[in-house]
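Have a look at the structure below, then the notes.
Chains as they are written, first to last, in the numbering used here: chain A, 179 to 577; chain B, 313 to 724; chain C, 2 to 328.
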């Protein structure tokens with residue numbers, strides 16, 4: 179009998195002669211390269227940036243000043259912050275926000291944290307995919323009027339900004355290649371691009387849930403863990419639309435080339451007159467597409483910081499997270515009192531994942547605990563995103 | 313005793329055994345085999361996935377699991393319909409990785425035509441591939457209980473697919489032919505632009521004491537959004553682990569593109585005496601991957617890969633005992649390019665940060681205990697993953713012609 | 002869906018070159034005009050009935066139900082695909098000049114786009130100073146020297162090819178398959194000028210241009226009756242050049258009897274509003290912002306020859322665009 183073990187060294191040599199030296203070389207074409215301080219963990223893939231508006235710290239800081247400046251409105255009464263307040267994860271706590279001229283916006287103000295990762299930027303509009311495109315809507319829009327800047331007053335608005343000493347250096351630093359970025363003909367473009375840079379730079383990935391995912395098992399309470407399992411269960415089906423690291427299927431980043439249409443879903447909130455209607459003008463994707471199947475289809479929201487952004491749904495018509503969960507448990511919302519009477523559960527456009535399920539009060543507590551674990555407590559008082567004009571005031575009054 | 317010896321020799325020597333054309337003298341045959349093996353350890357943890365670094369896996373390449381398991385069961389019926397026609401049906405079971413994928417599969421269902429007094433054979437239906445002897449061989453026919461690593465990685469362990477084959481069949485020692493496949497078998501897909509084909513040739517020579525067989529083949533597959541169906545591909549959710557254990561969702565990364573694989577195989581045997589026989593077997597394969605790795609949310613990266621796999625297996629046969637060592641190695645050389653390349657590399661398993669060369673060594677003792685029953689013991693040093701796993705096995709192999717009853721040897 | 006308009010009045014038209022009468026008509030050899038092409042200038046006038054449109058001026062008797070007072074507020078439109086029609090019904094394209102970069106994009110057919118701004122006062126139509134963007138005459142070249150012209154045709158709006166580009170400029174559309182920029186998809190000329198600031202000619206919410214922006218203020222309610230034409234029922238990614246709209250809402254206009262030597266193109270807001278009670282909003286925003294469920298749009302679309310649910314695009318209405326003598 180031959181000692182088989184003696185073969186081993188010989189065979190190893192034989193194999194070694196055949197090569198080895200395995201390797202996989204990975205070239206991400208600089209997708210993970212950025213000089214900007216994104217203020218987030220390294221595992222988060224970088225967001226898309228338009229080629230003509232690469233983010234810089236200087237643009238970000240200029241945009242931050244503009245964001246908090248009420249002079250950036252027709253009558254000097256509102257700023258971006260008026261509807262996007264840091265302590266509420268950049269929402270306003272109201273059912274529906276009010277513009278500079280008192281016009282009530284038809285839809286609820288939504289969080290702008292992590293907007294850089296969204297596939298589409300507003301509640302139901304599939305056309306707005308770039309922050310630069312979106313920002314001109316609140317600034318210059320007339321239906322509804324938000325900031326109320328129009329042709330008649332835009333020179334005056336710009337003049338108010340041009341008078342402020344802070345902007346002289348901020349504009350010059352942000353656009354060093356321009357001769358006169360504050361007074362030149364590109365001033366409005368510079369404003370839009372800086373605001374976009376600030377919004378793009380507001381990131382929020384520091385929740386208990388993120389710590390749990392990073393291996394800190396104790397970061398979630400037992401209740402939140404139970405809630406997470408319910409959230410990911412076949413019974414509740416939440417995770418289909420609120421998936422991934424942004425907790426929404428409406429996501430893109432430098433690593434993602436979207437190949438499927440941006441997601442919009444009807445969750446059975448309305449069924450006016452039993453013909454699946456949604457109250458105008460909040461008809462969702464239908465407003466732009468004109469396709470009846472798109473009636474009531476809205477983008478799945480990111481659930482990050484959702485505990486701070488009440489009330490809920492596109493029109494702020496759901497007061498609490500518990501009510502949101504109950505609507506889903508019912509498989510939609512049955513409205514029996516005017517003006518929008520109709521059984522949303524029967525809406526023909528309702529997403530197939532909106533099926534009714536039974537859930538106990540204790541389980542609702544657990545799901546809410548999980549949703550609360552998505553709150554980034556550092557975001558709401560992160561000085562990087564706070565009102566810079568308040569800092570200036572403090573400095574001015576200091577001896 | 314002599315008959316037993318002949319049986320085992322023939323059974324072990326011929327991977328061609330997996331392809332059998334019933335004779336007009338014995339028109340109907342029924343064969344069964346069963347391999348059950350106990351293993352001392354699992355290759356991966358309970359809620360973990362077996363993914364050899366630097367490769368894209370799939371098919372039925374499940375990892376070795378601790379405890380007793382039926383490695384496979386085969387039941388095949390072959391019938392010579394007339395002078396020129398024959399047919400076969402084969403059922404098989406294979407071990408699977410989790411609860412949801414078990415069961416018995418129809419592996420063979422085909423009709424064949426054989427030329428009268430000529431070499432040509434044509435078959436159509438569900439077939440096993442004939443191009444690689446090792447890929448055609450079942451666990452009962454191999455010396456080792458586990459399929460070669462290269463077969464696991466490149467072909468998902470087995471190859472059964474709907475297709476057709478035309479070949480020059482074992483005439484003057486030469487077989488050669490071509491096969492075309494629907495594409496259900498990994499690494500192809502059976503979608504619109506999927507599918508596969510191959511060509512092969514081999515030569516067999518039998519002398520007084522020496523015997524020799526060698527061959528080469530080329531296989532080309534096209535895949536569209538191919539999933540790793542071991543763990544992914546369908547409607548997926550986070551697997552549920554018992555309290556205290558964690559389970560992560562399998563990353564459903566897809567491959568669209570071409571896989572071209574070529575192989576060389578050989579077997580050399582020398583009969584020293586009536587009781588002693590020496591043999592050396594081996595196969596080498598090279599896979600070229602040219603395609604795109606992608607996922608459901610639109611991340612993608614171009615993949616250009618060259619992967620080599622091979623094994624070599626010296627063996628000593630003494631009466632009813634066989635002692636062998638199988639040494640295996642894979643080398644992988646991949647380039648991934650695209651914004652999502654780092655993540656897709658990690659999630660697909662193509663990433664190989666430790667530049668690991670997967671290897672496996674199997675020392676085998678096989679004892680043909682009865683005419684149709686053999687016992688097997690193995691010691692395995694498994695370096696397919698960066699962390700080396702050692703395990704040993706004990707197994708039983710039952711392999712028998714059930715019909716016609718009697719000592720009919722396997723012949724063509 | 003052509004608006005056929007009889008000529009009403011007449012007067013001469015700017016015609017540089019050789020007066021448009023001889024085969025040896027001018028060939029300046031510049032601006033890309035073809036050999037033998039005649040330099041042409043086509044003036045536009047906004048009017049309310051027979052009165053010239055002026056910002057801030059009050060007009061009586063506008064609209065249905067006896068008519069109401071209305072104040073001129075805005076009168077701008079894009080046009081493209083400008084061409085002449087011969088007596089034997091051949092079309093002769095006008096290749097627009099690019100000499101006025103902020104107002105015209107050079108070219109013929111869909112490539113030649115002009116932004117006509119007929120507001121006589123300052124931006125926003127509210128000041129006393131002259132409007133620096135005022136632009137009423139389209140210039141170009143056409144091979145009409147030997148032709149008998151019976152009509153002028155043009156399309157209102159921005160052609161679909163350019164309608165969904167980045168109006169802020171500097172960002173071409175990117176082909177989704179190749180990842181390469183789509184040639185020519187970067188905004189230029191009037192397409193970029195209208196997209197920045199509160200320019201008013203870009204419908205940023207819908208990622209398209211405002212094809213026409215015609216507004217009358219209603220003093221009784223201080224509302225503005227908007228007529229904003231834009232393409233609707235759109236799908237596809239704008240940034241990838243894939244966006245298309247089921248309702249283009251670009252009227253194709255024929256100005257019958259148009260004679261370069263004596264006529265201007267009249268755009269009559271009184272005719273346009275003749276089917277609306279401008280004091281009543283029948284849904285959506287005040288006036289018509291092109292929504293096909295806003296009933297205020299129905300009579301307006303009919304008068305522009307555009308299809309509308311329940312409307313008659315071929316109805317017989319007083320023309321919105323017509324040839325009138327230059328004064």
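The beta carbon of each residue, even a glycine, is placed where N, CA and C say it ideally should be.
Proximal residues of chain B, C-beta to C-beta of residue i below 7 Å
| i | result |
| --- | --- |
| residue 388(A) | Neighbours of residue 388(A) on chain B: none; closest Cβ ~16 Å, over 7 Å. |
Integer-rounded CB distance, given that residue j should sit under 8 Å from residue i
| i | j | result |
| --- | --- | --- |
| residue 233(A) | residue 378(A) | 6 Å |
| residue 648(B) | residue 601(B) | Residue 648(B) to residue 601(B), Cβ: 10 Å. No contact. |
| residue 199(A) | residue 643(B) | 6 Å |
| residue 645(B) | residue 619(B) | 7 Å |
| residue 663(B) | residue 365(B) | 7 Å |
| residue 272(A) | residue 493(A) | Contact flag wrong, Cβ pair sits at about 12 Å. |
| residue 164(C) | residue 210(C) | 6 Å |
Chain A residues whose Cβ lies nearer than 7 Å to that of residue i
| i | result |
| --- | --- |
| residue 171(C) | 230 |
| residue 290(C) | 321 |
| residue 314(C) | Here the premise fails: no neighbours, minimum Cβ distance about 18 Å. |
Nearest neighbour of residue i, chosen from the options [CA to CA]
| i | options | result |
| --- | --- | --- |
| residue 355(B) | 371(B), 706(B), 697(B) and 333(B) | 697(B) |
| residue 84(C) | 67(C), 118(C), 157(C) and 191(C) | 157(C) |
| residue 41(C) | 269(C), 294(C) and 260(C) | 260(C) |
| residue 611(B) | 591(B), 655(B), 483(B) and 407(B) | 655(B) |
| residue 57(C) | 154(C), 245(C), 263(C) and 219(C) | 219(C) |
| residue 481(B) | 448(B), 431(B) and 474(B) | 431(B) |
| residue 317(C) | 328(C), 304(C) and 324(C) | 304(C) |
| residue 541(B) | 362(B), 579(B) and 675(B) | 362(B) |
| residue 312(C) | 286(C), 257(C) and 294(C) | 294(C) |
| residue 433(B) | 477(B), 392(B) and 367(B) | 477(B) |
Chain-ordered chain B contacts of residue i [CB-CB under 9 Å]
| i | result |
| --- | --- |
| residue 199(A) | 643, 645, 667 and 669 |
Closer than 8 Å at the beta carbon, the chain B residues around residue i
| i | result |
| --- | --- |
| residue 203(A) | 646, 647 and 648 |
Beta-carbon neighbours of residue i, restricted to chain A and to distances below 8 Å
| i | result |
| --- | --- |
| residue 463(B) | The premise fails here: residue 463(B) is roughly 17 Å from chain A at the closest Cβ pair, so nothing lies under 8 Å. |
| residue 611(B) | 433, 434 and 435 |
Proximal residues of chain C, C-beta to C-beta of residue i below 8 Å
| i | result |
| --- | --- |
| residue 307(A) | 238, 239 and 240 |
Partner residues on chain A for residue i, Cβ-Cβ distance less than 9 Å
| i | result |
| --- | --- |
| residue 557(B) | Correct list: empty, because the minimum Cβ distance to chain A is about 12 Å. |
| residue 565(B) | Residues of chain A passing the Cβ test: none, with the nearest at roughly 12 Å. |
| residue 601(B) | Within chain A, no residue comes near residue 601(B); the closest Cβ sits about 11 Å away, beyond 9 Å. |
| residue 632(B) | Going along chain A, no residue has its Cβ under 9 Å from residue 632(B), so there is no contact; the nearest lies around 13 Å. |
7 Å Cβ cut-off: residues of chain C touching residue i
| i | result |
| --- | --- |
| residue 310(A) | 169 |
Closer than 6 Å: residue i CB and nearest the ligand NAD heavy atom
| i | result |
| --- | --- |
| residue 506(A) | In terms of ligand content, the structure shown is empty, and the ligand NAD therefore cannot be addressed. |
Going along the region 205–234 of chain A in order, which residues come within less than 8 Å of chain B, judged by CB to CB distance? 205, 206, 207, 209, 210 and 223
Quick one, which residues of the region 430–448 of chain A are near chain B if we go by CB-CB under 9 Å, in chain order? So the list reads 430, 431, 432, 433, 434, 435, 436, 437 and 438, given in the order they occur along the chain.
Do three or more CB pairs link the region 382–402 of chain A to the region 427–446 of chain A at distances below 8 Å? no
Does the region 136–146 of chain C come close enough to the region 84–102 of chain C that 3 or more CB-CB pairs lie under 8 Å? Pairwise C-beta distances place the region 84–102 of chain C in contact with the region 136–146 of chain C, as three or more of them are shorter than 8 Å.
For the region 288–305 of chain A and the region 406–419 of chain A, state whether three or more C-beta atom pairs, one from each stretch, are separated by less than 8 Å. no
Does the pairing of the region 498–509 of chain A with the region 260–275 of chain C give three or more beta-carbon distances under 8 Å? Contact fails between the region 498–509 of chain A and the region 260–275 of chain C, because fewer than three Cβ pairs, one in each stretch, are under 8 Å apart.
At a CB distance below 7 Å, what residues from the region 318–332 of chain A approach chain C? Give them in sequence order. Sequence-ordered contacts of the region 318–332 of chain A with chain C read 318, 319, 321, 327, 328, 329, 330 and 332 [C-beta pairs closer than 7 Å].
If you measure beta-carbon to beta-carbon, which residues of the region 118–135 of chain C are closer than 9 Å to chain A? 123, 124, 125, 126, 127 and 128
Would the region 460–476 of chain B and the region 495–504 of chain B be scored as touching if the rule is three or more Cβ pairs under 8 Å? yes
Three CB pairs or more closer than 8 Å across the region 531–538 of chain B and the region 565–578 of chain B: With a cut-off of 8 Å, the region 565–578 of chain B and the region 531–538 of chain B count as touching, because enough Cβ pairs lie within range.
Could you run through the region 35–59 of chain C and flag, in chain order, every residue whose CB is less than 8 Å away from some CB of chain A? none
Using a Cβ-Cβ cut-off of less than 8 Å, list which residues of the region 525–539 of chain A approach chain C; keep chain order. none
Below 8 Å, can you find three or more Cβ-Cβ pairs linking the region 484–498 of chain A to the region 444–460 of chain A? yes
Pull out every residue of the region 438–469 of chain B whose Cβ sits closer than 8 Å to any Cβ of chain A, in chain order. none
Below 7 Å between beta carbons is the criterion; list the residues of the region 349–367 of chain A that meet it against any residue of chain C, in chain order. 366 and 367
At least 3 beta-carbon pairs within less than 8 Å: the region 227–242 of chain A vs the region 364–381 of chain A: yes
Taking a cut of 7 Å between CB atoms, which residues from the region 683–704 of chain B lie near chain A? none
Determine, using beta-carbon pairs with one atom in the region 284–297 of chain A and one in the region 338–349 of chain A, whether at least three such pairs fall under 8 Å. no
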